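Asks: To start, I am sharing the structure in question, which I have written as structure tokens.
Residue numbers (the working numbering): 1470 to 1680.
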């Protein structure tokens, strides 16, 4: 599995704000929006282009546009925070949705929503989720996408834990990973250590819906 770690100084500065327990919801969301934009920029590095001539005020220059814009698939709920940054960079991208809750006893994903095209053959897909912890939720999402024909899948995560990275790498699924940091482990509640806490709660407030 190809892994790209975005260690740009501005990305690391935004990640530090997100890690800081003193950051309130609005501060956390602002940093996450900036960092999401940077990660989508990096994830798009190898997307193929169409080239064409474009007229400038002075002469003709070679222009470029994405040949096949990716579909952006957030893992709800925390992944929703990465949709707007993705669309700001790729405004002609489509958006699908996968809703997964976490069973607090088993730490396993509980699916509750799926809104995706029936056929993803030949379609680049960016799965966006701020946290890659155990890998359970992301693997569930990637299996759904692969089952619909996707073979060009990029997981875009702000913070990853080594166990989750290993789970993706050993899955045999066609996935690349773009992340800002790989933290060493998980605590007894399957939260990333040192991590940044519960990304969804820190963006939107505590959950009040049980699944």
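Backbone N, C-alpha and C fix where the C-beta goes; we use that ideal spot for every residue, glycine too.
What you are looking at is a predicted structure, and each value in this text was computed from that prediction instead of being measured.
#1: Let's test the definition: count the other Cβ atoms within 10 Å of the Cβ of residue 1649 and tell me whether it reaches 16, buried, or not, exposed.
#2: Since residue 1537 and residue 1593 are thought to touch, with beta carbons under 8 Å apart, how far apart are those beta carbons, to the nearest angstrom?
#3: How long is the line joining the alpha carbons of residue 1483 and residue 1501, rounded to whole angstroms?
#4: Using DSSP with H/G/I as helix, E/B as strand and the rest coil, what is residue 1569?
#5: What do you reckon, are the CB atoms on residue 1607 and residue 1662 nearer than 8 Å?
#6: Compute the distance between the beta-carbons of residue 1547 and residue 1672, then report whether it is under 8 Å.
#7: Could you check how far apart the C-beta atoms of residue 1682 and residue 1506 are, in whole angstroms? I think they sit under 8 Å.
#8: Could you please give me the residues that DSSP links to residue 1519 through a beta bridge?
#9: Confirm, please, whether the CB-CB distance from residue 1487 to residue 1627 is below 8 Å.
#10: When you compare the CB positions of residue 1602 and residue 1660, do they come within less than 8 Å of one another, or not?
#11: Rounded to a whole number of angstroms, what is the C-alpha to C-alpha distance between residue 1579 and residue 1629?
#12: Let me confirm a value: residue 1521 is counted as buried when at least 16 other C-beta atoms fall within 10 Å, else exposed. Which label applies?
#13: Identify whether residue 1505 lies in helix, strand or coil by the three-state DSSP scheme.
#14: Mapping the DSSP letters down to three states, classify residue 1655 as helix, strand or coil.
#15: Quick one: complete alpha helix (DSSP H) runs, 4+ long, within the region 1587-1630?
#16: Could you give the distance in angstroms between the alpha-carbon of residue 1535 and the alpha-carbon of residue 1512?
#17: Run through the DSSP bridge pairs and tell me what residue 1584 is partnered with.
Replies: Quick look at the numbers:
#1: Here the question's residue 1649 lines up with position 180 in the chain shown. Per the 10 Å Cβ criterion, buried.
#2: On the chain shown, position 68 is the one that residue 1537 refers to. On the chain shown, position 124 is the one that residue 1593 refers to. So it is a contact: roughly 6 Å between Cβ atoms.
#3: In the chain shown, residue 1483 corresponds to position 14, counting from 1. In the chain shown, residue 1501 corresponds to position 32, counting from 1. Going from the Cα of residue 1483 to the Cα of residue 1501 covers about 7 Å.
#4: For the purposes of this step, residue 1569 is taken as residue 100 along the chain shown, with counting starting at 1. Correct three-state label for residue 1569: strand.
#5: Sequence index remark: in the chain shown, residue 1607 carries index 138 (1-based). Sequence index remark: in the chain shown, residue 1662 carries index 193 (1-based). Taking 8 Å as the Cβ cut-off, residue 1607 and residue 1662 do not qualify as a contacting pair.
#6: Residue numbering aside, residue 1547 sits at position 78 when the chain shown is read from its first letter. Residue numbering aside, residue 1672 sits at position 203 when the chain shown is read from its first letter. Contact flag set, yes.
#7: Outside the modelled stretch of the chain, which goes from 1470 to 1680, sits residue 1682, for which no answer is possible.
#8: Residue 1519 sits at position 50 when you count from the first residue of the chain shown. According to DSSP, which records beta bridges pairwise, residue 1519 is partnered with 1534.
#9: For the purposes of this step, residue 1627 is identified with residue 158 of the chain shown, where counting begins at 1. For the purposes of this step, residue 1487 is identified with residue 18 of the chain shown, where counting begins at 1. Their beta carbons are under 8 Å apart, which means residue 1627 touches residue 1487 by this criterion.
#10: As a position in the chain shown, residue 1602 is number 133, starting the count at 1. As a position in the chain shown, residue 1660 is number 191, starting the count at 1. Yes, Cβ-Cβ distance for residue 1602 and residue 1660 is below 8 Å.
#11: What you label residue 1579 is simply residue 110 of the chain shown in a count that begins at 1. What you label residue 1629 is simply residue 160 of the chain shown in a count that begins at 1. A direct Cα-Cα distance of roughly 20 Å separates residue 1579 from residue 1629.
#12: In the chain shown, residue 1521 corresponds to position 52, counting from 1. Exposed is the call here.
#13: As a working note, residue 1505 is residue 36 in the chain shown. Residue state, collapsed to three classes: helix.
#14: In the chain shown, counting from the first residue as 1, residue 1655 sits at position 186. DSSP places residue 1655 in strand when its eight states are reduced to three.
#15: 1605-1616
#16: Taking the first residue of the chain shown as position 1, residue 1535 is located at position 66. Taking the first residue of the chain shown as position 1, residue 1512 is located at position 43. Using only the alpha carbons, I get a separation of about 13 Å.
#17: Position 115 of the chain shown, counted from the first residue, corresponds to residue 1584. In the DSSP output, where bridge partners are listed per residue, residue 1584 has 1566.
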